[in-house]
Every structure is written in structure tokens, then in C-alpha cells.
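Q: Take a look at the following structure, please.
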Amino acid sequence: MTGAKILRSVGVPIIALIVFLLAWEWLVWYRGWPTFKMAAPSDLPPAYMRHWELFLTMGWQTLWRTVAGLLLAVLFGTLLGMIMGFSRIMRDALYPLLVGFNAIPKATVVPIVALIFVGQHDFNTVLLAFMISFFPIAVSVSIGLSTLEPEYRDILRALGASQLTIFWKIALPKTLPEFFGALKVAATLAFIGTNLMEIVSPHGRGLGALFDSGRTNSDFPLMFAVLIALAFLGIVLYYIVVALERVFAGWAERAPG
Amino acid sequence: MKPLIEIKGVRHAYQTDAGPLPVLDGLEIAVPEGGFSAVVGPSGCGKSTLTRLIAGLMKPDAGEVWLHGKRVRGPRATVGMAFQNPVLLEWRSILKNVLLPLEIVPTKLNRKQAEERARFLLSLVGLEGFEDKRPSELSGGMRQRASLCRALIHQPDVLILDEPFGALDAFTREDLWMTMHELKAREPFTGVLITHDLRESIFLADQVVVLSGRPARTQYLLDVPKSGPRSLDDLYTPEAAEQLNILRHQIQIAQGRAAPEPEAAA
Chain W
1 MTGAKILRSV
11 GVPIIALIVF
21 LLAWEWLVWY
31 RGWPTFKMAA
41 PSDLPPAYMR
51 HWELFLTMGW
61 QTLWRTVAGL
71 LLAVLFGTLL
81 GMIMGFSRIM
91 RDALYPLLVG
101 FNAIPKATVV
111 PIVALIFVGQ
121 HDFNTVLLAF
131 MISFFPIAVS
141 VSIGLSTLEP
151 EYRDILRALG
161 ASQLTIFWKI
171 ALPKTLPEFF
181 GALKVAATLA
191 FIGTNLMEIV
201 SPHGRGLGAL
211 FDSGRTNSDF
221 PLMFAVLIAL
231 AFLGIVLYYI
241 VVALERVFAG
251 WAERAPG
Chain L
1001 MKPLIEIKGV
1011 RHAYQTDAGP
1021 LPVLDGLEIA
1031 VPEGGFSAVV
1041 GPSGCGKSTL
1051 TRLIAGLMKP
1061 DAGEVWLHGK
1071 RVRGPRATVG
1081 MAFQNPVLLE
1091 WRSILKNVLL
1101 PLEIVPTKLN
1111 RKQAEERARF
1121 LLSLVGLEGF
1131 EDKRPSELSG
1141 GMRQRASLCR
1151 ALIHQPDVLI
1161 LDEPFGALDA
1171 FTREDLWMTM
1181 HELKAREPFT
1191 GVLITHDLRE
1201 SIFLADQVVV
1211 LSGRPARTQY
1221 LLDVPKSGPR
1231 SLDDLYTPEA
1241 AEQLNILRHQ
1251 IQIAQGRAAP
1261 EPEAAA
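Chains as they are written, first to last, in the numbering used here: chain W, 1 to 257; chain L, 1001 to 1266.
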């Protein structure tokens, strides 16, 4: 990459961010909103300074539980996608179940999960992050596998290759672009799952709990600071997925122009 | 001499919602070792089914497919295939694509020898210098050339070509016809070519099999003399015109648009 290109790929998002923060600051100032209505960006640094230790420990708790849930979702979603991708019968059988499960608002699942596994806070949170994020992965893998053109199978099958070999050499790599597309969605969904559990059934851990304490103490800048911290973690995880995509499915990217 | 590929009385039907749909009925084809047969016929007459039968990807309902004096009962490593769609793997370089069959088929070549062979084949089809490119960086004709190399890398006994040039423009197609002759001179193979192009069939093959409309049986056999068209100019001679005329007429019969001549008159 040339210097100009780096400047553009890094500079443009930063400029957009600054413009966004300035507009936000201006809006709050112009309308004269108090912090309980809307905190301004300038209210956030003091909130971070006051609670920086809490942000670090709770941010870490939220992050690792989200990633754990996401990893489970990748494992389970891929497996489920493989089953549905290779077997028509299983696809017909599982799709309605899966869609139905996905249609259930996960906020309603929180108290049920919290009751079934009383006191297992880490487990509960990981479970919810998993439940909310495996669906797009399962669907994308199953579609990727079931739409594999028969010729791709035939070039290896005609040589006597086993189904497993065909999966490893052709079906799996060919599905990777769809998989990573779904993983980007799943990564942000997993954060929603983690925070649902942390906020709806608070147990003193994670950024969700920090948000909740901001609410009970009427510390409104803290609540906004938590939201921004969550957004930051979401962006970090998203770009980790993008980096993985470049490594494993970079071939799917068309050269510009 | 015993033919290398022998198809005897093959019958096959697909199961559809409206009942069985017969596609092949009483098919007879024999290709001698080193021979190259083209199969032509109306659209949808089961030509692609035929390639899958020879490759052992499907079992016929009745009849037998023999290869090298052995009955075909499943896929074998001694077959090379190329389709209308070059089906190159986008995440591999051209060289790695060509090497793919050697990752499945047992081979005596070590890694270095295999790579040398792949490079040799690629140079035969004029793809020298493109070994490390991605398939998407190549034109359609070049991709099809690479796909031919992949079909030949493991020195198959039989090359099955299912309309490999069907999606190419006329000039690129003629280029590839010439490439096929060069390949065959350097890397002899026995082949079956499915095609819609009658000029292609007499240009490449030494025997043209005309299939009837569905369900397909062997309707007509045209032997292309050894002196047949082997350069593009040869396609515009009176002999070539006559062969094409015969084939065209046979296709019309297969389509039901011309009446077959009575036996006595033939």
C-alpha cells in the first residue's frame, strides 16, 4: 500500500469519527440537554477517569464471555450448518425449528436461563451470547454447502475421493466467504447476548452491570460511557474477524477496479 | 484389438415426480486405445449422463460400461474430467489447481516431480508464467486450458470432456482445438468429447457418435479418416463439408425434423 492509500484507509474513518463526535457535542450544547437526557462526548472522559479500573475489569469480563459464546456459536453453528448442508432431510426437519428458536426474543430467555442455572453467571452469559449468535453461522454454512455446484464435487469424486476429502478440499474453503460474512454479524450479536444477560439479570459482572449501576446511581455520563466502551469492543472484535477473513478467505476479495 | 472404453446396451432413466424419465436406451459406443470419440446429439438427450456413467459417478439401470477390460462399478483414479465450467478453485493458484488430482490419486511422483509435470503441462497449453496467478486473473479460455492440464496431470487412461469449449467465443475455441491436437501429440490419451459443435467433433475426433433424441441410443457412427481436418483450413474443404452435411442431417433426424432414409436406399 502506498502512503496515500494508508492515509485514506485510516484517515477517512478517523475524520468521520471526529465529525460525528463534534456533531454530537454541538447537538447537546445547542439544545441545552442535561446529562440525564443526553450526555455529551466531553462528559465521557471524566467518567472513564473516575472508573477506569472498573472499565478494565468489567470490559474484560464482557469481552471474554462474548468471545467464548461466539466460539461456541462457531463450533455449533458450523456443525449444524454441515448437517443441514449435506442432508436435505435434516434441512427440511431443522429449518422451522431453527427459525422458530431465532424468533424468540432473547430478553425473554434471560430469566429462564437464569433460573435453570442459578448462580452460574459466567455460564449463563456465555450461553446467551452463544444462543443469539449461532443462527447466522448455521444458515450461511448450510447455504454455502448446499449450493456447491455438482461439478466441484465431481472433479474429486471421479477420482475416488471420500466425502470427507471433498469437504476439506472444496466444500469448506468454498464456504469460507459466506462463513465470514455471517461471523461479522454473529460477533456483534454475541455482544448483545452478553449484555442482555448482564443488564436484565445483573450479577455484578461485565459492562452490563456497570451500565446498571450507572442507572441506579443516576450517573448518566457513566451509562453513556459504557455504551461507547461496548461500541469500541464491538469494533475491535469486528476487525479481528475482518483480519481473519483476509487471511483465510482473502482470495474471495475482488481486486479493485 | 479390444476397445479401451466399451459401452454395451446401456439404459438409464431418472426418477422424476412424473415417473421415470428414460434418457439413455440401448447405447453402444466403443473407443479403441488412443482413440478420440466425439458424441453429438440434440439438447437434453443424455450426453452428460453418459460422461457420468463413464466416470463411474453413476450406475446405469441396465447394460455395462467397461474400461480397460474391467467393468466400471464406481469412480476410478484413472479418469480425467473437464467440464464446460472450468471449476478451478479460486483459493488456489493455477499451479496448485493443476496439482489437485495428485492429492487424491496415489502417485509415484514426489512433490518436485509433480510440480515439474504441472509446469510442463501448463507450458504445453501456453500458460507459462501464469502458474502463480489466481483463476480470477485469467480469461475464460486460459482457465479452460488450466482445467485441461488438471484433467491430465495424473496421466489418466481416459479423458472425459463434457463440452469444455462450449462457453468460449469462436476464436478462443478454435485456439483450444489446436491446443488439443498439440496436447494429444505430446501426452497421448483416449478420450470422449461431448459437444454441440459439429465442426469441433470432426476436427478433434476420429469417430463421431450421433445420439438420437431422448431416450438416446446410438443412431449413427461417422469415422473421420486419419487425413481428416487437422488444421483449421481443412475445415473448409469439400470432404469436411460432406462430413458436416451427413452429421447435420443425422442431427435433424435425431430432432425428428427429417425422416430417416429407408434402409434400401442407403
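Where a beta carbon is used, it is the ideal one built from N, C-alpha and C, also for glycine.
1. Hey, could you find the ends of the beta strand (DSSP E) residue 1294 of chain L is sitting in?
2. With a CB to CB cut of under 7 Å and the five nearest residues on each side skipped, what residues in its chain are close to residue 1103 of chain L?
3. Does residue 1220 of chain L pass the burial test, meaning 16 or more other C-beta atoms within 10 Å, or should it be called exposed?
4. To which residues of the same chain is residue 1054 of chain L closer than 8 Å at the C-beta, ignoring the five residues directly before and after it?
5. Ignore the nearest five residues each way along the sequence and tell me which others in residue 1002 of chain L's own chain have a CB closer than 7 Å to its CB.
6. Suppose the cutoff is 6 Å on Cβ atoms and the five residues either side in sequence are ignored; what does the same chain contact list for residue 28 of chain W look like?
7. Can you find a CB in chain W that lies within less than 7 Å of the CB of residue 1163 of chain L?
8. Within 10 angstroms of the Cβ of residue 1059 of chain L, are there 16 or more other Cβ atoms? Answer buried if so, exposed if not.
9. With three or more C-beta pairs closer than 8 Å as the rule, is the segment 1112-1125 of chain L touching the segment 1075-1091 of chain L?
10. Who are the neighbours of residue 156 of chain W on chain L, taking C-beta pairs under 7 Å?
11. Enumerate, from N- to C-terminal direction, the unbroken alpha helix (DSSP H) stretches of 4 or more residues contained entirely within the segment 1080-1106 of chain L.
12. Is residue 1009 of chain L helix, strand or coil when you go by DSSP?
13. Can you tell me whether residue 1112 of chain L is helix, strand or coil according to DSSP?
14. When you compare the CB positions of residue 197 of chain W and residue 125 of chain W, do they come within less than 7 Å of one another, or not?
15. What's the gap between the Cα of residue 1118 of chain L and the Cα of residue 95 of chain W?
16. Output yes or no for whether 7 Å exceeds the beta carbon distance between residue 1047 of chain L and residue 1041 of chain L.
17. Skipping 5 residues on each side, what residues in its chain have a beta carbon closer than 8 Å to that of residue 18 of chain W?
18. When you compare only the Cα positions, how much space is there between residue 152 of chain W and residue 1101 of chain L?
19. Is it buried or exposed, residue 84 of chain W, if we count other Cβ atoms within 10 angstroms and call 16 or more buried?
20. Beta carbons nearer than 8 Å to chain L: which residues of the segment 23-51 of chain W have them?
21. If we ignore side chains and look at the alpha-carbon of each, how far apart do residue 234 of chain W and residue 1169 of chain L end up?
22. Mark residue 1181 of chain L as exposed unless 16 or more other C-beta atoms lie within 10 angstroms of its C-beta, in which case mark it buried.
23. Could you name the residues of the same chain whose beta carbon sits closer than 8 Å to that of residue 257 of chain W, not counting the 5 residues immediately before and after it, in chain order?
24. In this structure, how does DSSP classify residue 1075 of chain L when only helix, strand and coil are distinguished?
25. Please state whether the Cβ-Cβ distance between residue 137 of chain W and residue 77 of chain W is less than 7 Å.
26. Pick from W/163, W/64, W/113, W/49: whose alpha carbon is nearest that of residue 87 of chain W?
27. Which of the residues in the segment 1071-1102 of chain L, read from start to end, lie with their CB under 7 Å from any CB of chain W?
28. Could you pull the start and end residues of the beta strand (DSSP E) that residue 122 of chain W belongs to?
29. Residues of chain L with CB under 8 Å from residue 170 of chain W, in chain order?
30. The beta strand (DSSP E) that contains residue 1190 of chain L, what's its start and end?
31. Grab me the residues of residue 91 of chain W's own chain with a C-beta within less than 6 Å of its C-beta, minus the 5 sequence neighbours each way, in chain order.
32. For residue 156 of chain W and residue 82 of chain W, what's the separation of their Cα atoms in angstroms?
33. To the nearest angstrom, how far is the alpha carbon of residue 159 of chain W from that of residue 1081 of chain L?
34. Might you give, ordered along the chain, the residues of its own chain that have their beta carbon closer than 7 Å to the beta carbon of residue 113 of chain W, omitting 5 neighbours on each side?
35. Taking Cβ positions only, does residue 173 of chain W come closer than 7 Å to chain L?
36. Residue range of the beta strand (DSSP E) that residue 1218 of chain L falls in?
A: Judging by the given coordinates:
1. Lying outside 1001 to 1266, the shown extent of chain L, residue 1294 of chain L is not represented and no answer is given.
2. Locating residue 1103 of chain L in the second sequence gives position 103, where the first residue counts as 1. Once the five neighbours on either side are set aside, residue 1103 of chain L has no close Cβ partner at all.
3. The sequence position of residue 1220 of chain L within the second sequence is 220, counting from 1. By the 10 Å Cβ count, residue 1220 of chain L comes out buried.
4. Reading the second sequence from its first residue, position 54 is the one you call residue 1054 of chain L. Here the set comprises 1005, 1007, 1065, 1067, 1072, 1079, 1158, 1160, 1192.
5. Taking the first residue of the second sequence as 1, we reach residue 1002 of chain L at position 2. So the list reads 1069, once near-sequence residues are dropped.
6. To locate residue 28 of chain W, count along the first sequence from 1; it is residue 28. Excluding residues within five positions, the ones whose Cβ falls inside 6 Å are 38, 40.
7. Counting from 1 along the second sequence, the entry for residue 1163 of chain L is found at position 163. Using a Cβ-Cβ cut-off of 7 Å, residue 1163 of chain L does not count as an interface residue toward chain W, since no Cβ of chain W sits closer than that to its own.
8. The sequence position of residue 1059 of chain L within the second sequence is 59, counting from 1. For residue 1059 of chain L, the number of other beta carbons within 10 angstroms of its own is below 16, and it is reported as exposed.
9. Flag = no, the segment 1075-1091 of chain L and the segment 1112-1125 of chain L do not touch.
10. As a first step, residue 156 of chain W is located in the first sequence; it is residue number 156 there, counting from the start. Chain L residues near residue 156 of chain W: 1104.
11. List check, alpha helix (DSSP H) in window: 1094-1099.
12. Stepping through the second sequence from its first residue, residue 1009 of chain L is reached at position 9. Judged by DSSP in its simplified three-state form, residue 1009 of chain L adopts strand.
13. Start at 1 with the first residue of the second sequence, and residue 1112 of chain L comes out as number 112. Judged by DSSP in its simplified three-state form, residue 1112 of chain L adopts helix.
14. If you number the first sequence from 1, residue 197 of chain W lands on position 197. If you number the first sequence from 1, residue 125 of chain W lands on position 125. Closer than 7 Å, so yes.
15. On the second sequence, position 118 is the one that residue 1118 of chain L refers to. On the first sequence, position 95 is the one that residue 95 of chain W refers to. Looking at the backbone, the Cα of residue 1118 of chain L and that of residue 95 of chain W are separated by about 44 Å.
16. Residue numbering aside, residue 1047 of chain L sits at position 47 when the second sequence is read from its first letter. Residue numbering aside, residue 1041 of chain L sits at position 41 when the second sequence is read from its first letter. Yes; because the gap between Cβ atoms is below 7 Å, this pair is in contact.
17. As a position in the first sequence, residue 18 of chain W is number 18, starting the count at 1. Excluding sequence neighbours, residue 18 of chain W sits near nothing in its chain.
18. Sequence index remark: in the first sequence, residue 152 of chain W carries index 152 (1-based). Sequence index remark: in the second sequence, residue 1101 of chain L carries index 101 (1-based). Taking the straight line joining both Cα atoms gives about 12 Å.
19. One-based indexing of the first sequence puts residue 84 of chain W at position 84. By the 10 Å Cβ count, residue 84 of chain W comes out buried.
20. Within the segment 23-51 of chain W, not one residue has a Cβ closer than 8 Å to any Cβ of chain L.
21. Taking the first residue of the first sequence as 1, we reach residue 234 of chain W at position 234. Taking the first residue of the second sequence as 1, we reach residue 1169 of chain L at position 169. Take the alpha-carbon of residue 234 of chain W and the one of residue 1169 of chain L: they are about 49 Å apart.
22. Translated into the one-based positions of the second sequence, residue 1181 of chain L becomes position 181. It is exposed - the Cβ of residue 1181 of chain L has fewer than 16 other Cβ atoms within 10 Å.
23. On the first sequence, position 257 is the one that residue 257 of chain W refers to. The pLDDT assigned to residue 257 of chain W is 41, lower than 50, so where the model puts this residue is not dependable; a value taken from the coordinates is nonetheless given after this. Here the set comprises nothing.
24. For the purposes of this step, residue 1075 of chain L is taken as residue 75 along the second sequence, with counting starting at 1. Coil at residue 1075 of chain L, not helix or strand.
25. Stepping through the first sequence from its first residue, residue 137 of chain W is reached at position 137. Stepping through the first sequence from its first residue, residue 77 of chain W is reached at position 77. In contact: residue 137 of chain W and residue 77 of chain W (Cβ atoms closer than 7 Å).
26. Along the first sequence, one-based indexing puts residue 87 of chain W at 87. Answer by Cα proximity: W/163.
27. Contact annotation: in the segment 1071-1102 of chain L, residues whose CB is within less than 7 Å of a CB in chain W are 1075, 1076, 1077, 1079, 1081, 1083, 1085, 1087, 1089, 1090, 1091, 1101.
28. Counting from 1 along the first sequence, the entry for residue 122 of chain W is found at position 122. Per DSSP, residue 122 of chain W is not a residue of any beta strand (DSSP E); the alpha helix (DSSP H) it occupies stretches across 121-146.
29. Position 170 of the first sequence, counting from 1, holds the residue named residue 170 of chain W. Simply 1089.
30. Counted from its first residue, the second sequence places residue 1190 of chain L at position 190. Per DSSP, residue 1190 of chain L belongs to the beta strand (DSSP E) from 1190-1194.
31. Here residue 91 of chain W corresponds to residue number 91 of the first sequence, with the count starting at 1. Counting only Cβ-Cβ distances below 6 Å, and skipping sequence neighbours, we find 84.
32. Taking the first residue of the first sequence as position 1, residue 156 of chain W is located at position 156. Taking the first residue of the first sequence as position 1, residue 82 of chain W is located at position 82. Between residue 156 of chain W and residue 82 of chain W, the C-alpha separation is close to 19 Å.
33. Against the first sequence, residue 159 of chain W aligns to sequence position 159. Against the second sequence, residue 1081 of chain L aligns to sequence position 81. Rounded to whole angstroms, residue 159 of chain W to residue 1081 of chain L spans 9 Å at the Cα level.
34. Here residue 113 of chain W corresponds to residue number 113 of the first sequence, with the count starting at 1. Within the same chain, residue 113 of chain W has close Cβ partners 124, 127, 128.
35. Position 173 of the first sequence, counted from the start, is the residue given in the question as residue 173 of chain W. Interface residue (Cβ-Cβ distance to chain L less than 7 Å): residue 173 of chain W is classified as such.
36. Start at 1 with the first residue of the second sequence, and residue 1218 of chain L comes out as number 218. 1218-1223 is the span of the beta strand (DSSP E), which, as asked, contains residue 1218 of chain L.
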